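According to this note's numbering, the sequence shown is numbered sequentially starting from 11.
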Amino acid sequence: MESQAPPIEDANVWGLVSLKKGNKRKQQKVLNDLRRETKVLEAVDEIQNEKKNRRVAFRGVKRQLTLWKGPVLKNRLADQLIFPLNDNSVTFVNSEEDQLLRTKEHIKDSRKDSESLQGQLYEAIYHRSKSVLKPRLADKIGAEVRKKLLEKINQRDKERFIVARSAAQNKRQNKIKSKTFHRHQKRRLLKEFEKNMEDMRKNDPKAFAERILQAEVNRAKERASLRHRGGSKFARLQKLRAKYDTEARNAVAEMNERSRELTKKNDLDDSSDSEDSDIDVTSESESDSDASLFDENHSSEKEDEDDTKKLLWWRSANDTTESETKVHKAQQPTVLSTLAAESVLERCASSQPMNSVVEQMEQAEPEADALDPDADGFYRALEETCATDPGLQDQFAKEKAEAIEEETPKDLDTFLPGWNAWTGPGTEAADEERRKKHIIPAPKVRRKDASKSHVLIRRRVNNEFKEHL
Numbered sequence: 011m012e013s014q015a016p017p018i019e020d021a022n023v024w025g026l027v028s029l030k031k032g033n034k035r036k037q038q039k040v041l042n043d044l045r046r047e048t049k050v051l052e053a054v055d056e057i058q059n060e061k062k063n064r065r066v067a068f069r070g071v072k073r074q075l076t077l078w079k080g081p082v083l084k085n086r087l088a089d090q091l092i093f094p095l096n097d098n099s100v101t102f103v104n105s106e107e108d109q110l111l112r113t114k115e116h117i118k119d120s121r122k123d124s125e126s127l128q129g130q131l132y133e134a135i136y137h138r139s140k141s142v143l144k145p146r147l148a149d150k151i152g153a154e155v156r157k158k159l160l161e162k163i164n165q166r167d168k169e170r171f172i173v174a175r176s177a178a179q180n181k182r183q184n185k186i187k188s189k190t191f192h193r194h195q196k197r198r199l200l201k202e203f204e205k206n207m208e209d210m211r212k213n214d215p216k217a218f219a220e221r222i223l224q225a226e227v228n229r230a231k232e233r234a235s236l237r238h239r240g241g242s243k244f245a246r247l248q249k250l251r252a253k254y255d256t257e258a259r260n261a262v263a264e265m266n267e268r269s270r271e272l273t274k275k276n277d278l279d280d281s282s283d284s285e286d287s288d289i290d291v292t293s294e295s296e297s298d299s300d301a302s303l304f305d306e307n308h309s310s311e312k313e314d315e316d317d318t319k320k321l322l323w324w325r326s327a328n329d330t331t332e333s334e335t336k337v338h339k340a341q342q343p344t345v346l347s348t349l350a351a352e353s354v355l356e357r358c359a360s361s362q363p364m365n366s367v368v369e370q371m372e373q374a375e376p377e378a379d380a381l382d383p384d385a386d387g388f389y390r391a392l393e394e395t396c397a398t399d400p401g402l403q404d405q406f407a408k409e410k411a412e413a414i415e416e417e418t419p420k421d422l423d424t425f426l427p428g429w430n431a432w433t434g435p436g437t438e439a440a441d442e443e444r445r446k447k448h449i450i451p452a453p454k455v456r457r458k459d460a461s462k463s464h465v466l467i468r469r470r471v472n473n474e475f476k477e478h479l
């Protein structure tokens, strides 16, 4: 049985001999303490010892096998292997054999590299080729072509990145539903466009003139094609509302009649001036009817001004040119629809006699065209004459006040007198106070024509019709 007693410091022969000397009691006390503190060694565990031995043996074998990782990986990456493999040795890192192999590989690589000094010397000594030392023209050309191709590829990548970024930005902006954002964006783009056009006008007048001419051609094609007519969102809504609303039904009938007039082919003898005037006036009359019925999607001040121009039922037209040729009466399309003409005539007749209207028209236009309903400037002169009449203006102001009074929401009075309520003289003030508590105030609605004294925009509120939408 082995003891685990701690060794004695500076133990030697003379020290052991000196133990026999001295106080025996102290020595006995020290020996007793050693016996109490020391423990007997446990029995040997053969199973644990075998595990330790196996672990040590496994580590040794693993260390040996890791030496073959390099050759195995090299054989796996090799393009071709010829068996039997001659090189079965394992080179240790930082050994002499490994350094020799590295030196040989470095020399072999330097020989293959014709641009390095060692490669050029090797080619000059062994192959005796003087052209090797000089830069080859083909290599230079190939390098330049490769460089240009890389630059072109990089440029295409940059352009593709810019296009993708702008597309993503446009996609994000299109998802924004803020009217204020789109209004500011539209103004910013308009300012940029005006700035670019001004720079083009100063720097390149020829390109500026071509740009203006192309814009006029595009506008003429768009107006002549009438693509903005029947299939618009306004027309579809009007056809849907015509099933339930009488006013919408009349508007659809007027729109169909005007469409037939617009799409009617004129005779080839008509002059270009008359065709231009027809297109302009018909487009203005169509925009008048469209804007007067539904004008709720415009928010900016600029658009409000445009809507104001469209909503003027008495808006004065442009001065008729004196150089216009006489047009055939049978083939001349009417400028305004029948309903619009009748409404204008009724307003003029209610305010003043027809004779005064005809007299004012005679002062503005020749007598032959003024009294002829088929003439080109008849309805223009009629509208201009009615617009300058103060009686019509007063009548319009009165109609607008009545419409505002009719369309203004009224407060809802839910007060009902019941039992246990005093009545009689002297209780009016208390009744009024109780009544005010039961009144539900109507929401304040800002009218779009509040700041426009010469415009009336009606709010057609029809709850029964809204149920079908």
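Note that beta-carbon positions come from the ideal geometry of N, C-alpha and C, so glycine has one too. Quick caveat: nothing in here was measured; it's all calculated off a predicted structure.
Residue state for Asp-119 is assigned as helix, using DSSP reduced to three classes.
When Asp-423, Lys-447, Arg-445 and Thr-418 are compared, the shortest CA-CA separation from Lys-454 is found for Thr-418.
A Cβ-Cβ separation of about 6 Å places Ala-452 in contact with Lys-420 under the 8 Å criterion.
In terms of CA proximity to Lys-408, Val-465 leads the group Lys-243, Lys-446, Val-465 and Leu-426.
According to DSSP, Leu-422 shares a beta bridge with Ile-450. Residue environment analysis places Lys-410 among the buried positions, since at least 16 neighbouring C-beta atoms fall within 10 angstroms of its C-beta. Residue nearest to Glu-415 within the set Arg-469, Arg-270 and Lys-84 is Arg-469 (criterion: CA-CA distance).
By the 16-neighbour rule on beta-carbons within 10 angstroms, Leu-200 is exposed. A straight-line Cα-Cα distance of about 20 Å links Leu-147 and Leu-131. With respect to Gln-128, Ser-120 sits close: the two C-beta atoms are nearer than 7 Å.
In this structure, Ala-252 sits away from Arg-246, with a CB-CB distance that is not shorter than 7 Å. Restricting attention to Asn-85, Arg-211 and Trp-78, the CA atom closest to the CA of Ile-222 is found in Arg-211. Taking the CA atoms as reference points, Ile-151 sits about 16 Å from Lys-162.
Secondary structure at Pro-215: helix, using DSSP grouped into helix, strand and coil. Counting the other Cβ atoms within 10 Å of the Cβ of Ile-450 gives fewer than 16, which makes it exposed. Looking at the backbone, the Cα of Glu-133 and that of Ser-124 are separated by about 8 Å.
Our two residues, Glu-220 and Ser-176, have alpha carbons roughly 28 Å apart in a direct line. Spanning the alpha carbons of Lys-118 and Val-66 requires a straight line of approximately 43 Å. Scanning Leu-250, Ala-234 and Glu-257 for the CA closest to the CA of Ser-269 turns up Ala-234. In the structure shown, Glu-125 falls within a coil segment according to DSSP collapsed to helix, strand and coil. Apart from the 5 residues on each side of it in sequence, Ser-188 has no Cβ closer than 6 Å to any other Cβ in its chain. The three-state reading of DSSP puts Ile-467 in coil, since its state is none of H, G, I, E or B. If you draw a straight line from the Cα of Met-265 to the Cα of Asp-441, it comes to about 55 Å.
In the three-state DSSP reduction, Glu-52 falls in the coil class, being neither helix nor strand. Rounded to the nearest whole angstrom, the C-alpha separation of Pro-215 and Glu-204 is 15 Å. Per the coordinates, the alpha-carbon of Val-82 lies some 11 Å from the alpha-carbon of Leu-75. Per DSSP, Ala-460 lies in no alpha helix (DSSP H) segment and is marked neither H nor E. Straight through space, the alpha carbons of Lys-243 and Glu-267 are spaced by roughly 18 Å.
Taking the Cα positions, Gln-58 is about 29 Å away from Arg-45. Here Lys-150 carries a helix assignment [DSSP, helix/strand/coil]. No Cβ-Cβ contact shorter than 7 Å links Phe-425 with Arg-456. Per DSSP, the unbroken alpha helix (DSSP H) holding Ile-414 starts and ends at 400-417. Here Gln-248 is buried. Its C-beta has 16 or more other C-beta atoms within 10 Å. Across the structure, Val-173 and Lys-114 are spaced so that their CA atoms are roughly 53 Å apart. Our two residues, Lys-36 and Glu-47, have alpha carbons roughly 17 Å apart in a direct line.
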